[in-house]
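Some notes on the structure that comes next.
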Amino acid sequence: MQGYKVKKIFSEDLGRNNPVFIQVLGICSTLAVTNLLKNTVVMCAGLVFVTALSNVTISILRNYMPSRIRMMVETLIIASYVIIVDIMLKAFLPDVSRQLGPYVGLIITNCIIMGRAEAFALSNPPGLSFLDGIASGIGYSYVLLAIAFIREIMGSGSIWGYPLLGDWWTNWSIMVMAPGAFFTLAIFIWIVKGVLDRKEIAAS
Amino acid sequence: MFPIAFMMIVTVVFISITTIIYTFTEDRIKLNERLRLKRAVLYAAGVRLPDDPAEIEEAFNNRVTEVKDDAERVRYYEIGSSDSSDDIESYVVIRTGAGLWGEITAGIGFDKDLEILQGLEIIEQNETPGLGGRISETWFKEQFSGKLPPLSAVPEGDETSAEQFQAITGATYSTGAIRDIVNSARKYAQREIQGAE
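Line by line, the protein sequences are chains A and B. Residues 1 to 204 (the working numbering) make up the first sequence, in order. Residues 205 to 401 (the working numbering) make up the second sequence, in order.
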């Protein structure tokens, strides 16, 4: 039973119920931090950490929490974890912290975290909530990494800061700006939805 | 009453946790920021060091003097020569100007006559990553060494004279911001260091 649930959580969050390309949550950061792969990796790690731990905490408190004020409590818990991520980055990865700038703080308003807290952590035990946080985080991360890969190679001709494409390549400036993310995400959703829909038609 | 009590307890607990973590890392964060400033001052002065905290610390302590005003704010940095004589080799000033999204803070180094640029280091910037953000790239910063301000920009990839530098394609505003910061830094340095009007 438990094993079945775990498997379901992962297949939902990574595929059919993916936070980014199905629920279209967390788009703000999808657009903002995906122009360089390195920034995206740190952002994703931060998000996985915050989603998993806030899910656990909210799940532990769920039976004591008065439902009227639960949103306040959730926001407070999420904000606390984001502050911790911010402090840790400043102390141990100062260069990355500076590059991400305000985006670390903006994890607080990432809809995925609040969404998972409300939809999952409030009605499930801490262990499963933790896994759901991890799974949603990964579901968010791989989409962002794919977009960041496309944007960095087309926009800067490099991957992880190393120039891969030679002089013959002309950088597409639009790819490093917000519109580039809109185009890339839209094409990504188009392809993935197409594949998923075809599978469903084939299944029925 | 219970919701109020509950919220208060949760608040106290979480603020305590973040405060404890902050207290433990506070010194480290301040040290990081200090080190970054020291590295920037040395880099702007044209001193190239490996990225080793101990070496940066030592070079800064041996060669750099902070010249402060009455309010203890740093007006400029004097960089002594690498041999043990007391000669001043260069000056570094830290200036801030308006970028596209936020302020750009840079360290700008001049020779002892305030004529020749020794180097430029970007300390803080929030320009568009991949466009204006490229002002932090090495090729862009390095081209300023040996230039004679006031400077003007030419398109990226063009030949430059001693009074010109290469702009960043697609980042006209950020390029202009750097040009203004460098040019006004020289005026500031002349005023502060030579007392010129």
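Glycine included, C-beta positions come from ideal geometry on N, C-alpha and C. If you're wondering where the values come from, they're calculated on a predicted model, not measured in any experiment.
Which residues in chain A have a C-beta closer than 8 Å to the C-beta of residue i? List them in chain order.
i	result
B/Val214	Leu61, Val73, Leu76, Ile77
B/Ile240	A quick correction: the sequence has Arg, not Ile, at residue 240 of chain B. Within chain A, the residues near B/Arg240 are Pro94.
B/Met205	In chain order: nothing, as chain A lies at least about 10 Å away.
B/Phe344	The premise fails here: B/Phe344 is roughly 14 Å from chain A at the closest Cβ pair, so nothing lies under 8 Å.
B/Asn236	Lys90, Ala91, Pro94
If residue i sits next to residue j, beta carbons under 8 Å apart, how far is it from one beta carbon to the other, in whole angstroms?
i	j	result
B/Glu325	B/Ala244	4 Å
B/Ile372	B/Gly336	7 Å
B/Leu304	B/Glu328	Not a contact, Cβ separation roughly 14 Å.
A/Leu36	B/Pro333	6 Å
B/Phe348	B/Gly311	Going by Cβ atoms, the distance from B/Phe348 to B/Gly311 rounds to 11 Å, so no, they are not a contact pair.
A/Phe182	A/Leu31	7 Å
A/Asn39	A/Val33	5 Å
Quick one: is residue i buried, meaning 16 or more other Cβ sit within 10 Å of its Cβ, or exposed?
i	result
A/Leu164	exposed
B/Glu270	exposed
A/Gly3	exposed
B/Thr379	buried
A/Lys90	buried
A/Val24	exposed
B/Ala381	buried
B/Glu185	Coverage of chain B is limited to positions 205 through 401, which leaves residue 185 of chain B absent and any answer about it impossible.
B/Arg395	exposed
A/Gly133	buried
B/Ala258	exposed
B/Ser220	exposed
B/Gly361	exposed
A/Glu152	buried
B/Asn266	exposed
Residues of chain B with CB under 9 Å from residue i, in chain order?
i	result
A/Leu53	In chain order: nothing, as chain B lies at least about 11 Å away.
A/Ile113	Near A/Ile113 there are no residues of chain B at all, since even the closest Cβ is about 15 Å away, more than 9 Å.
List, in chain order, every chain B residue whose beta-carbon is nearer than 8 Å to that of residue i.
i	result
A/Val41	Residues of chain B passing the Cβ test: none, with the nearest at roughly 14 Å.
A/Ser129	Going along chain B, no residue has its Cβ under 8 Å from A/Ser129, so there is no contact; the nearest lies around 17 Å.
A/Gly155	Gly334
Using a Cβ cut-off of 9 Å, pull out every chain A residue sitting near residue i, in sequence order please.
i	result
B/Phe264	Here the premise fails: no neighbours, minimum Cβ distance about 17 Å.
B/Arg267	Those within 9 Å of B/Arg267 in chain A number zero; the least Cβ separation is about 24 Å.
B/Thr441	With chain B running from 205 to 401 in the structure shown, residue 441 of chain B is simply not present.
B/Arg232	Lys90, Ala91, Phe92
B/Gly303	Residues of chain A passing the Cβ test: none, with the nearest at roughly 12 Å.
In chain B, what lies closer than 7 Å to residue i by C-beta?
i	result
A/Ile108	The premise fails here: A/Ile108 is roughly 13 Å from chain B at the closest Cβ pair, so nothing lies under 7 Å.
A/Ile83	Thr222
Find the residues of chain A that neighbour residue i, judging by a C-beta separation of less than 7 Å, and give them in chain order.
i	result
B/Asn330	Gly101
B/Phe218	Leu76, Ile77, Ser80
Item to check | Secondary structure, alpha helix (DSSP H): runs of 4+ residues fully inside the region 1-25 of chain A | outcome: 2-11
Next on the checklist: So, does the region 104-119 of chain A touch the region 40-51 of chain A, judging by three or more C-beta pairs under 8 Å?
Outcome noted: yes
Item to check | Whole runs of the beta strand (DSSP E) within the region 256-342 of chain B, excluding any shorter than 3 residues | outcome: 268-272, 278-284, 292-302, 307-315, 321-328
Item to check | the region 165-176 of chain A touching the region 186-193 of chain A, judged by at least three CB pairs closer than 8 Å | outcome: no
Checklist entry - With contact counted as at least three CB pairs below 8 Å, one residue from each stretch, are the region 53-63 of chain A and the region 122-137 of chain A in contact? => result yes
Item to check | the region 271-284 of chain B touching the region 224-236 of chain B, judged by at least three CB pairs closer than 8 Å | outcome: They do not touch, by the three-pair rule.
Next on the checklist: Under 8 Å, with one C-beta from each stretch per pair, do the region 72-87 of chain A and the region 205-214 of chain B reach the 3-pair mark?
Outcome noted: yes
Item to check | Secondary structure, beta strand (DSSP E): runs of 3+ residues fully inside the region 90-155 of chain A | outcome: none
Checklist entry - Okay, do the region 91-101 of chain A and the region 133-150 of chain A touch, 3+ Cβ pairs below 8 Å being the bar? => result Taking a cut-off of 8 Å on C-beta distances, the region 91-101 of chain A does not touch the region 133-150 of chain A, as fewer than three cross pairs fall below it.
Checklist entry - Pairing CB atoms from the region 47-58 of chain A with CB atoms from the region 147-160 of chain A, are three or more of them under 8 Å? => result no
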